[in-house]
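Peer 1: With the numbering used here applied, the sequence shown corresponds to residues 1 to 68, in that order.
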Amino acid sequence: MDSTVTLVTYSTLEEAYIVKGMLESHGIPALVRNENNLYVPIFDGVSVVIFEKDWDKAQKLLVEYGDR
């Protein structure tokens, strides 16, 4: 089984879903964690989670799209 890692954390759902969509459009499965928590912006934020094997490709995409 592939392990998962948090790629990036945002303070809003919108930011997380934009990155999730970008990753998936490049063939990287992703999920948004903490999306149902009403206090997300105050506490943990909203995380975009990917498979560890996709880490390098995902990091390059974040840089390419100006998010890192």
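For glycine and all other residues, C-beta sits at the position ideal for the given N, C-alpha and C.
Quantities reported herein were computed from a predicted structural model and do not represent experimental measurements.
(1) Let me make sure I understand the geometry here. Which of L31, K60 and W55 has the alpha-carbon closest to that of K20?
(2) Return the chain-ordered list of same chain residues with a C-beta closer than 6 Å to the C-beta of T9, the five sequence neighbours on each side being excluded.
(3) Along the chain, where does the alpha helix (DSSP H) that runs through Y10 open and close?
(4) With a 10 Å radius around its C-beta and 16 neighbouring C-beta atoms as the bar for buried, classify D2 as buried or exposed.
(5) Considering only C-alpha positions, which residue in the set N34, T4 and H26 is nearest to A16?
Peer 2: Reading it off the structure:
(1) L31
(2) G45 and S47
(3) From DSSP, Y10 is part of no alpha helix (DSSP H) but of the beta strand (DSSP E) over T4 to Y10.
(4) exposed
(5) N34
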